[in-house]
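So for the sequence shown, full-length UniProt numbering puts the first residue at 1; every next one is plus one.
Think of the CB as a built atom: it goes at the ideal place given N, C-alpha and C, for glycine as much as any other residue.
Bear in mind the structure is a predicted one, so any value in this text is a computation, not a measurement.
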Amino acid sequence: MLGLLFVILVLPAWCGEAGRAALRYERAAVLTGDYWRLLTAHLIHGDGRHLALNLTGLGLLAMLFPRAYSAREWGLIMLASMAVIDLGFVFLEPQLHWYLGFSGILHGGLAAGALAWWRQDSRASALALTLILLSKLFWEQLGGGLPLSGDLPVVVEAHLYGAIGGGLGATLLRLRTQDWWCQSRSL
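This is the structure:
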């Protein structure tokens, strides 16, 4: 799945500025029926550096959580992140005119990974990751993107909504398994 996702993220890099404009989230276009933008906005990037940062993040997720979820479960977690980001943009961010990138979904993966570590008795790692992620999200809500964000504008709300979506997706996946329910009740 990682290889397929890599290809899906890299291919649109050759679509040029006109392609990016046709595929990115644009509020006015979505509200008039360009619903595909709710999907494609997450798969395109502003430039090569933006793509490289997101691919690096994807690689880090793969290294940190190699067995946390099945490929199908990761797909569902990413879809949950995407759905919450899109719903947040449409209903809570009327001032947001455009967006593109995968970083919100990556934040969803981090939230899901932290939940997996809590479940796998990696409590110290889980606590550290949870605190780092929450601190980053808090910082961004107060002061905007982190310094290594570069020249592209950072839509920090995507990170927040993505983390919420990833956490919700991971929680819903685990709620349906009897084993997790029994473990969580004994805490």
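Looking at the strands, I want to know which residues DSSP matches up with residue 189. Absent from the structure is residue 189, since the part of the chain shown begins at 1 and ends at 187.
Quick one: measure Cβ to Cβ for leucine 43 and proline 12, integer angstroms, because I've assumed they're closer than 8 angstroms. Residue numbering aside, residue 43 sits at position 43 when the sequence shown is read from its first letter. Residue numbering aside, residue 12 sits at position 12 when the sequence shown is read from its first letter. That belief holds up - the Cβ atoms of leucine 43 and proline 12 are roughly 6 angstroms apart, short of 8 angstroms.
Is it true that the CB of glycine 101 sits closer than 8 angstroms to the CB of residue 245? Within the shown structure, residues of the chain are numbered from 1 to 187, placing residue 245 beyond reach of any answer.
Nearest residue (CA-CA) to histidine 159, options Gly33, Tyr99, Phe91 and Trp117: On the sequence shown, position 159 is the one that residue 159 refers to. Nearest of Gly33, Tyr99, Phe91 and Trp117 to histidine 159, Cα basis: Tyr99.
Would you identify the three-state DSSP class for residue 196, choosing helix, strand or coil? Because the chain spans 1 through 187 in this model, residue 196 falls outside it and cannot be assessed.
Taking the alpha-carbon positions, what's the proline 66 to arginine 176 distance? Here the question's residue 66 lines up with position 66 in the sequence shown. Here the question's residue 176 lines up with position 176 in the sequence shown. One C-alpha to the other measures close to 21 angstroms.
Which ranges does the beta strand (DSSP E) cover as unbroken runs of at least 3 residues, wholly within the stretch 79-124, from first to last along the chain? Correct list: empty.
Does DSSP classify histidine 45 as helix, strand or coil? Along the sequence shown, read from residue 1 onward, the residue named residue 45 stands at position 45. In the structure shown, histidine 45 adopts coil according to DSSP, grouped into three states.
Just to confirm my understanding: we take glycine 162, look at its own chain, exclude 5 residues before and 5 after, and list those with CB closer than 6 angstroms. What are they? Translated into the one-based positions of the sequence shown, residue 162 becomes position 162. So the list reads Ser81, Ile85, Gly104, Ile105, His107 and Gly108, once near-sequence residues are dropped.
In terms of residues, what are the limits of the alpha helix (DSSP H) holding alanine 170? The residue you call residue 170 lines up with position 170 of the sequence shown. Segment 156-175, the alpha helix (DSSP H) holding alanine 170.
Looking only at C-alpha atoms, which of Leu133, Leu129 and Tyr25 sits nearest to proline 94? Position 94 of the sequence shown, counted from the start, is the residue given in the question as residue 94. With distances taken between Cα atoms, proline 94 lies closest to Tyr25.
Among Glu17, His45 and Arg119, nearest to leucine 173 - alpha-carbon criterion: Against the sequence shown, residue 173 aligns to sequence position 173. Residue nearest to leucine 173 within the set Glu17, His45 and Arg119 is Arg119 (criterion: CA-CA distance).
In three-state terms, what does DSSP make of phenylalanine 138? On the sequence shown, residue 138 is found 138 positions in, with the first residue counted as 1. In this structure, phenylalanine 138 counts as helix in the three-state DSSP scheme.
Suppose you measure from the CA of leucine 51 to the CA of leucine 9; what does that come to, to the nearest Å? As a first step, residue 51 is located in the sequence shown; it is residue number 51 there, counting from the start. As a first step, residue 9 is located in the sequence shown; it is residue number 9 there, counting from the start. Computed Cα separation, rounded: 8 angstroms.
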